[in-house]
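A.B. asks: Position one of the sequence shown corresponds to residue 70 (the working numbering), numbered consecutively onward. Just so it is clear, CB atoms sit at the ideal spot from N, CA and C, and this is done for glycine as well.
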Amino acid sequence: MNRKLWWVSAGLCALAMAGAAPARAQMSEAKEKPPMFSYVAFWDIPRAQWGEMAKSMAEDQKVLDKAVASGTLVGYGSDVNLVHQVDGPTHDDWWSSMSMAGLVNVLNQFYSSGTVTSPVLGSATKHWDNILVSRYYNWHSGSWKNAYTHGSFYQLKPHAPDDALETLSKGLIVPLLEKLLADGTIHEYEVDTEAIHTDAPGGFWIFYLAANPEALDKVTAALQQTLKSNPLDGPAFQSMTDASAHRDYLVRTDATYK
70 MNRKLWWVSA
80 GLCALAMAGA
90 APARAQMSEA
100 KEKPPMFSYV
110 AFWDIPRAQW
120 GEMAKSMAED
130 QKVLDKAVAS
140 GTLVGYGSDV
150 NLVHQVDGPT
160 HDDWWSSMSM
170 AGLVNVLNQF
180 YSSGTVTSPV
190 LGSATKHWDN
200 ILVSRYYNWH
210 SGSWKNAYTH
220 GSFYQLKPHA
230 PDDALETLSK
240 GLIVPLLEKL
250 LADGTIHEYE
260 VDTEAIHTDA
270 PGGFWIFYLA
280 ANPEALDKVT
290 AALQQTLKSN
300 PLDGPAFQSM
310 TDASAHRDYL
320 VRTDATYK
């Protein structure tokens with residue numbers, strides 16, 4: 070998504086300075102999980118049609134609720150972009166499954182129902198899709214309206230080790246987000262790469278679902294405290310990622326997780 074993207078830029082610059090020693094010390098705190106796949110559809114909708122887009126997303130909920138109840142999906146949601154860019158989306162909708170088949174079967178339902186040719190989607194000036202995969206994720210079960218998804222995109226440098234994302238996820242990203250999940254500051258997080266590559270390999274996204282606007286500040290404060298509590302011994306994150314490719318994304322989210 071793409072939909073779901075994360076941390077405040079200043080906070081991530083600080084995270085980039087977290088060294089390899091703290092990462093090794095915390096490595097046992099996070100484990101790779103079975104792959105979770107997410108389908109994300111991005112839309113650039115004219116402002117006059119935003120109300121109709123909200124209705125369209127609400128109608129999709131019937132299909133998505135059934136898919137969650139049957140176990141085909143583990144979650145779904147929709148987003149309204151809060152920081153608009155000239156070439157960026159205004160809206161997106163997404164669903165997640167523990168299999169690629171689960172994603173595609175739900176997509177086929179929307180195609181067969183004619184939803185994808187609705188007038189409001191036909192009004193889109195731009196549209197594109199992503200299929201992502203995550204092996205580091207967790208969530209609270211439940212439904213939320215008007216929460217906030219924050220995410221960031223990063224590109225690994227060509228010389229980054231093959232296990233760079235695994236090292237960063239296990240040592241830096243997951244331990245912090247697990248603490249925030251446990252205290253209710255966030256409801257979900259994931260570290261994503263493309264399952265179907267539409268961009269150059271080596272890119273990854275970090276997303277978290279903040280419970281409310283105040284939670285965005287709590288994440289930043291928790292990051293700062295983590296950095297104070299752990300000695301810094303080198304720019305490990307920075308050495309593995311291309312800072313010029315970094316981008317952030319903030320959206321208002323309605324989401325359901327099984």
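Output the distance between the C-alpha atoms of V185 and E263, rounded to the nearest integer angstrom.
C.D. replies: Locating residue 185 in the sequence shown gives position 116, counting from the first residue. Locating residue 263 in the sequence shown gives position 194, counting from the first residue. Going by the C-alpha atoms only, they are around 23 angstroms apart.
A.B. asks: What residue range is occupied by the uninterrupted alpha helix (DSSP H) comprising M122?
C.D. replies: Stepping through the sequence shown from its first residue, residue 122 is reached at position 53. Run containing M122: 119-139, per the alpha helix (DSSP H) assignment.
A.B. asks: Provide the residue span of the beta strand (DSSP E) that contains G211, from first to last.
C.D. replies: The count along the sequence shown starts at 1 and reaches residue 211 at position 142. Note, G211: beta strand (DSSP E), 211-224.
A.B. asks: Considering only residues of the same chain and omitting the five flanking positions on each side of S308, which have a CB-CB separation below 7 angstroms?
C.D. replies: Walking along the sequence shown from the start, residue 308 turns up at place 239. Excluding residues within five positions, none has a Cβ falling inside 7 angstroms.
A.B. asks: For R321, which beta-bridge partners are listed by DSSP?
C.D. replies: For the purposes of this step, residue 321 is identified with residue 252 of the sequence shown, where counting begins at 1. Note: R321 sits in a beta bridge opposite V149, Y217.
A.B. asks: Just how far apart, CA to CA, sit P115 and T322?
C.D. replies: Counting from one through the sequence shown, the residue named residue 115 turns up at place 46. Counting from one through the sequence shown, the residue named residue 322 turns up at place 253. Going by the C-alpha atoms only, they are around 19 angstroms apart.
A.B. asks: What do you reckon, are the CB atoms on Y318 and I200 nearer than 8 angstroms?
C.D. replies: Along the sequence shown, one-based indexing puts residue 318 at 249. Along the sequence shown, one-based indexing puts residue 200 at 131. No. Outside cutoff.
A.B. asks: Using the DSSP secondary-structure output, state which residues sit across from S107 in a beta bridge.
C.D. replies: Within the sequence shown, the letter at position 38 stands for residue 107. According to DSSP, S107 bridges with S165, L201.
A.B. asks: For K100, name the three-state secondary structure that DSSP assigns.
C.D. replies: Residue numbering aside, residue 100 sits at position 31 when the sequence shown is read from its first letter. It is coil, neither helix nor strand.
A.B. asks: Report the residue from W274, N207, A291, L133 whose alpha carbon sits nearest the alpha carbon of G171.
C.D. replies: The residue labelled residue 171 in the question sits at position 102 within the sequence shown. Cα-wise, what sits closest to G171 is L133.
A.B. asks: Indicate the three-state DSSP secondary structure (helix, strand or coil) for A251 in the structure shown.
C.D. replies: Counting from one through the sequence shown, the residue named residue 251 turns up at place 182. Residue state, collapsed to three classes: helix.
A.B. asks: Fully enclosed by the region 265-319, which alpha helix (DSSP H) runs are 4 residues long or longer?
C.D. replies: 282-298, 305-309
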